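Notes to accompany the following structure.
Number of protein chains: 2
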Amino acid sequence: MPLSKDHKQRSKQRILDSAVALFSKYGFNKVSINEIMEHAQLTRGGFYAHFGSKEELYAEAVIKASQNSKIFEANETLACDREFIQALINGYLNKNHISQKSPPCPLAFLATDVANEEKQVREVYTKIFKGFVNMMNARAINKTTTKTENQMMALAAMMIGGVAVGRVLTDNKLVDELLESCRNIAIGLIEQEG
Amino acid sequence: MPLSKDHKQRSKQRILDSAVALFSKYGFNKVSINEIMEHAQLTRGGFYAHFGSKEELYAEAVIKASQNSKIFEANETLACDREFIQALINGYLNKNHISQKSPPCPLAFLATDVANEEKQVREVYTKIFKGFVNMMNARAINKTTTKTENQMMALAAMMIGGVAVGRVLTDNKLVDELLESCRNIAIGLIEQEG
DNA sequence: GTCTATAGAAAGATAGAC
DNA sequence: GTCTATCTTTCTATAGAC
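Protein chains in written order, with my numbering: chain C, 168 to 361; chain W, 168 to 361.
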C-alpha cells in the first residue's frame with residue numbers, strides 16, 4: 168500500500184473515532200463537522216475528501232461504534248455460554264458504559280437520535296440490532312426454539328432501554344437502582360427454561 | 168378569566184401540542200421554532216410571549232407529552248390491577264404507539280434526545296420516569312417488597328427500550344416480533360411472584 | 001398578544017491554492 | 001490530501017408597529 172493511501176486511511180479512522188465519541192456524547196445534530204475535524208486534529212475543508220456528507224459519516228460511525236463496543240465480542244471469547252452472557256449483561260448494564268468509560272453501544276446511545284435520520288442510517292442500526300439478537304440467541308442457555316428468541320429480543324430491549332434511560336437520569340442513586348434491577352431481571356431471564 | 172388571558176392560554180396550549188408532536192417525531196434539534204409556530208398557526212415572533220427559550224419549551228413539552236400519553240392513566244381507570252397493567256403493556260408496546268397514532272410517551276420517543284440537553288429537561292424526564300415506575304409499583308400484582316420494585320423498574324426499561332428501538336427499525340416484520348416478544352416477557356414478569 | 005422585519009451567529013458544503 | 005476562504009442557508013432571538 169502506498170504511503171499516501173495509508174495516510175489517508177489513518178486520517179479517516181481518526182475522523183471516525185472522533186465522530187463516534189462526539190455523536191455518542193452529544194447526538195448527531197449537536198455536533199458540527201468542524202468540531203469533529205478539530206477533534207481529529209484536521210481542518211474543516213478536508214472532510215469531504217473522506218465522506219460525501221455528514222449523514223454518510225453518521226452511518227459509518229454507527230458501524231464503527233458497534234465494532235468498538237462489547238456487543239460483538241462473541242467471536243473473540245472462549246468463555247462458556249453462561250459466563251459469556253453474564254459478562255455481557257454486567258458490562259453492558261454498567262455505570263462505566265453509561266459514562267463512556269467503556270466504548271458506547273450505539274443501539275443505546277443513539278436510539279432516538281437515529282430514529283430521526285434518513286433510511287441509510289436506520290438500516291445500519293437495524294442490521295446491528297439483528298446481529299446483537301442473533302449473537303445472544305446463539306449463546307442462549309436452555310435453548311429450545313421460539314421462546315428463546317422471544318426472550319433474547321426482549322432482553323436486548325431491556326438492556327438498550329436501561330442504558331438509554333440511565334444516561335438521562337439526574338438522580339445518581341436511581342441510576343444504580345435501575346442498572347441493578349435490569350441486571351437482576353436479565354440474569355433471571357437467561358436462566359429460565361427457554 | 169378575562170378574554171385576553173384565555174386567548175393567550177389557548178395559544179400556549181396550541182404551541183405545546185405542536186411541540187409535542189414535532190419534537191416526538193423529529194427530535195429537538197431537527198425542529199425549528201418557526202416550524203412549531205407555523206404548525207400552531209402562529210408566526211415566529213410571537214413565540215417569546217409564551218416561552219423564554221427553546222429549551223424552556225422543551226421542558227414543558229416533555230411534561231405535556233407525559234400527560235397526554237397512557238403512562239399516567241392510572242388514576243383515571245377503575246380496572247383491577249391485572250387488567251390495568253396488562254392494558255398498559257399492550258397499549259404501550261404497540262404499533263399504534265410507535266406510529267404516533269396514540270400519543271407518544273416522551274420516555275421512549277425522546278430518550279437519547281433528552282440526554283443531550285441541559286439539566287432542566289433531564290430533571291423533568293427523571294421525575295416522569297420515577298412517576299411511571301411508582302405507578303406500576305402501586306398496581307403490581309403479587310406484591311412483596313424490593314423484588315417488585317426491581318421487576319417494575321426493569322419492566323419500564325424494557326417497555327421504553329422496545330418502543331425506542333422499534334421506532335428506528337426499517338424491517339416491519341422485525342418490529343412486530345420485537346413488540347410481541349416484549350409484551351410476552353412483560354406479561355410473564357408481572358405474573359411472577361414478587 | 002401577535003405581527004413583520006431583521007440582527008447576529010453558526011451550520012453544511014464548495015472552490016481553489018499548495 | 002489537506003489547507004484557507006467563502007457561499008448560501010438556516011437558526012435563535014430581538015425590536016418595534018399595531
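Just so you know, even glycine gets a beta-carbon here, dropped at the ideal spot from N, CA and C.
Everything numeric in this text was worked out from a predicted model, so none of it was measured.
Is any heavy atom in the ligand GTP found nearer than 7 angstroms to the beta carbon of residue i?
i	result
W:Ala-353	No copy of the ligand GTP occurs in the structure displayed, which carries no ligand at all.
If contacts are defined as beta-carbon pairs under 8 angstroms, then residue i and residue j qualify, I think. What distance do you get, rounded to the angstrom?
i	j	result
C:Val-229	C:Val-288	6 angstroms
C:Pro-364	C:Ala-323	Absent from the structure is residue 364 of chain C, since the part of chain C shown begins at 168 and ends at 361.
C:Val-330	C:Ala-275	4 angstroms
C:Tyr-120	C:Phe-190	Outside the shown range of chain C, which is 168 to 361, sits residue 120 of chain C, and nothing can be said about it.
W:Val-335	C:Ile-327	So it is not a contact: roughly 10 angstroms between Cβ atoms.
W:Lys-286	C:Thr-337	6 angstroms
C:Ile-357	C:Ala-307	7 angstroms
W:Lys-197	C:Asn-196	6 angstroms
C:Ala-110	W:Ala-278	Residue 110 of chain C lies beyond the residue range present for chain C, which begins at 168 and ends at 361; the question has no answer from this structure.
Got a sec, what are the start and stop residues for the alpha helix (DSSP H) residue i sits in?
i	result
C:Pro-270	Looking at the DSSP string, C:Pro-270 is not in any alpha helix (DSSP H), and its letter there is neither H nor E.
C:Glu-358	339-358
W:Arg-211	Segment: none, W:Arg-211 is in no alpha helix (DSSP H) and carries neither H nor E.
C:Ala-246	Where C:Ala-246 is concerned, there is no enclosing alpha helix (DSSP H), given that its DSSP letter is neither H nor E.
W:Gly-329	313-335
C:Gly-298	286-306
W:Ala-232	221-235
C:Ala-278	278-282
Cα separation between residue i and residue j?
i	j	result
W:Ile-265	C:Lys-262	29 angstroms
C:His-206	C:Lys-172	21 angstroms
C:Asp-253	C:Ile-354	Here the sequence assigns Gln to residue 253 of chain C, which means Asp is not the residue at that position. Straight-line Cα distance between these residues: approximately 7 angstroms.
C:Met-302	C:His-174	35 angstroms
C:Ile-200	W:Leu-245	53 angstroms
W:Ala-186	W:Glu-344	31 angstroms
C:Lys-237	C:Asn-257	11 angstroms
C:Asp-280	W:Glu-316	29 angstroms
C:Leu-255	C:Asn-309	17 angstroms
C:Gly-219	W:Gly-194	24 angstroms
W:Glu-240	W:Gln-208	30 angstroms
C:Pro-270	W:Tyr-292	25 angstroms
W:Met-319	C:Val-342	14 angstroms
C:His-217	C:Lys-179	6 angstroms
W:Leu-183	W:Glu-360	42 angstroms
W:Ala-321	C:Tyr-259	14 angstroms
C:Thr-311	W:Lys-314	28 angstroms
C:Glu-250	C:Asn-339	28 angstroms
W:Asn-235	C:Met-204	42 angstroms
W:Glu-290	C:Asp-248	39 angstroms
C:Arg-177	C:Thr-210	15 angstroms
C:Gly-212	C:Glu-227	19 angstroms
C:Lys-268	W:Arg-181	42 angstroms
W:Met-325	C:Lys-192	22 angstroms
W:Glu-202	C:Glu-284	18 angstroms
C:Glu-223	W:Glu-223	32 angstroms
Worksheet item: Okay, do the stretch 294-309 of chain C and the stretch 335-354 of chain C touch, 3+ Cβ pairs below 8 angstroms being the bar?
Response: The stretch 294-309 of chain C is not in contact with the stretch 335-354 of chain C.
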